[in-house]
Amino acid sequence: MFFASDNWSGAHPAIGEALMREQSGYANAYGASPLDRKIEARFNDIFEREVAVFFVGTGTAANSLALSSVGRPGGVVFCHKDAHIANDEGGAPEYFTGGGRLATVSGPHGKMTPDELERIVARYPADFIHHGQPMAVSLTQSTEVGTVYGLDEIAALTTVAKKSNLPVHMDGARFANALVALDTTPAEMTWKRGIDIVSFGGTKNGCWCAEAIVFMNPEQAREMPFIRKRAAHLFSKTRFISAQLDAYLTDGLWLDLARHSNAMAERMRAAFRQSATARLAWETQSNEVFIVLPKGAAEAARKAGAQFYDWLTPADQPGLINDGEVLVRCVTSFATTEAEVDRFVSFLEAETLTQQ
């Protein structure tokens with residue numbers, strides 16, 4: 150019953166096999182091997198246009214270096230108050246942007262709203278030296294609370310950004326989960342809706358260690374080779390990242406893995422919608438599920454081996470938690486099984502009834 154994070158899961162067998170194939174022999178270093186070039190071209194096909202791709206080892210690196218590529222002195226990045234870059238990256242975005250700041254934007258269910266984004270951007274006039282310069286907008290897809298921006302919602306936010314000539318970055322740590330939830334294409338979810346740069350995640354969805362920064366317009370990526378090198382994320386044996394992505398992107402494996410993890414989350418959601426003892430905190434669309442549980446049942450589940458995280462009550466949902474209750478987050482992955490979900494739900498139901 151491992152639902153703490155999709156980072157806890159291992160690598161899909163196809164990923165491991167691809168790495169094994171690359172373990173012997175020789176290949177050009179620093180991203181210049183035939184396999185690296187092959188995967189770069191694959192991204193052109195996926196996004197239906199020529200893009201610039203830079204492989205890195207972590208999602209934090211992808212986000213931070215993507216933002217540093219559009220850095221400005223005194224720069225300000227606008228993101229949701231729950232965004233990973235604002236809460237869970239240890240100051241890396243600020244560090245790698247040379248002191249860039251994050252201005253947070255409120256919005257229900259983990260999503261910025263166009264009106265609120267416009268209001269916060271307006272607080273930083275581009276010609277007012279004391280406030281610094283608006284630098285970029287960053288949105289998370291899927292969000293930190295398991296919701297997904299619809300295509301029209303993305304377009305509305307990028308429209309606000311473009312009014313102020315701000316590039317728009319998408320934190321796609323769970324890019325595939327959002328994509329299959331919307332049943333759309335990478336092009337439709339990104340550049341066709343005004344997205345300029347994507348942090349394309351593979352690690353949470355079955356890879357071992359594979360992330361990419363994707364620029365929809367290669368001209369915007371001129372400085373990235375130097376930024377990545379300076380940040381110590383130019384891997385000498387880049388082909389081992391490319392090997393993972395080769396397997397990941399072949400025959401739609403990445404989409405199949407995301408569909409599975411989303412389906413396991415929906416199985417869990419469906420069970421808790423019918424529960425008399427626990428309840429969904431809010432509806433989600435990807436592979437994260439947020440549940441309100443009796444504290445005793447949550448503690449008993451942990452003692453029985455279940456893994457999940459307690460979660461802070463969102464500011465926009467006061468009164469969500471009653472005395473004797475706890476809000477928890479469960480994350481499914483490509484490795485989650487139906488039996489695992491059913492055991493978890495059944496255990497909580499039985500334990501809650503026992504304690505009543």
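Residue numbers (the numbering used here): 150 to 505.
Where is the CB? At the ideal position from N, CA and C, for every residue including glycine.
On a predicted model such as this, the values are computed, not experimentally measured, just so you know.
In the DSSP assignment, the residues bridged to alanine 285 are Val226. Put simply, of Asp155, Asp400, Ile234 the residue whose alpha carbon is nearest the alpha carbon of methionine 319 is Ile234. Judged by DSSP in its simplified three-state form, tyrosine 458 adopts strand. The Cβ atoms of valine 254 and leucine 315 lie no closer than 9 Å to each other. Glutamate 197 sits close to alanine 336, with the two beta carbons spaced by under 9 Å.
In this model, glycine 350 and alanine 361 are separated by some 7 Å (Cα to Cα). Comparing alpha-carbon positions, the option among Ala322, Gly295, Pro367, Ala310 lying closest to glutamate 189 turns out to be Pro367. The beta carbon of cysteine 356 sits closer than 8 Å to the beta carbons of Ala160, His161, Ile164, Gln393, Leu394, Tyr397 from its chain, once the five residues preceding and following it are set aside; these are given in chain order.
Taking 9 Å as the cut-off, the Cβ atoms of phenylalanine 496 and alanine 455 count as close.
Contact between the region 211-229 and the region 276-291 is established, with three or more Cβ pairs separated by less than 8 Å. Judged by DSSP in its simplified three-state form, glutamate 489 adopts helix.
Taking all protein chains shown into account, tyrosine 298 has 16 or more neighbouring C-beta atoms within 10 Å of its C-beta and is therefore buried. Around the C-beta of threonine 289, 16 or more other C-beta atoms lie within 10 Å, and the residue is accordingly described as buried. Counting only residues of its own chain and dropping the five nearest sequence neighbours on each side, leucine 214 has a CB closer than 8 Å to the CB of Phe203, Val205, Phe245, Ile362, Met373, Ile376, Arg377, Ala380, His382. Between glycine 180 and phenylalanine 384, the gap from beta carbon to beta carbon is short of 9 Å. For methionine 150, no alpha helix (DSSP H) run applies, since DSSP gives it neither H nor E. Taking a contact as a CB-CB distance under 8 Å, the pair asparagine 471 and asparagine 436 does not count as one, their CB atoms being some 27 Å apart. Within its own chain, the residues whose Cβ lies closer than 6 Å to the Cβ of alanine 241, once the five positions on either side in sequence are excluded, are Thr209, Ser213, listed in chain order.
Each of Gly321, Gly256, Pro263, Leu404 was checked against the Cα of valine 329, and the nearest Cα belongs to Leu404. In the three-state DSSP reduction, arginine 170 falls in the helix class (H, G or I). Beta-carbon to beta-carbon, glycine 343 and alanine 304 are separated by about 6 Å, close enough to satisfy the 8 Å threshold. Glycine 321 and threonine 333 have their C-alpha atoms some 15 Å from each other. Leaving aside the five residues that flank phenylalanine 483 on each side, the residues in its chain whose CB is nearer than 7 Å to its CB run, in chain order, Ser158, His161, Asn354, Gly355, Leu406, His409, Ser410. CA-CA distance, valine 441 to tyrosine 458, rounds to 12 Å. Excluding residues up to 5 positions away in sequence, Glu199, Val200 lie with their Cβ nearer than 7 Å to the Cβ of asparagine 193 in the same chain. With a threshold of 16 other beta carbon atoms within 10 Å, glutamine 466 falls short and is exposed. Taking a contact as a CB-CB distance under 8 Å, the pair serine 391 and leucine 184 counts as one, their CB atoms being some 5 Å apart.
In the assembly as shown, phenylalanine 389 is a buried residue. Its beta-carbon has 16 or more other beta-carbons within 10 Å.
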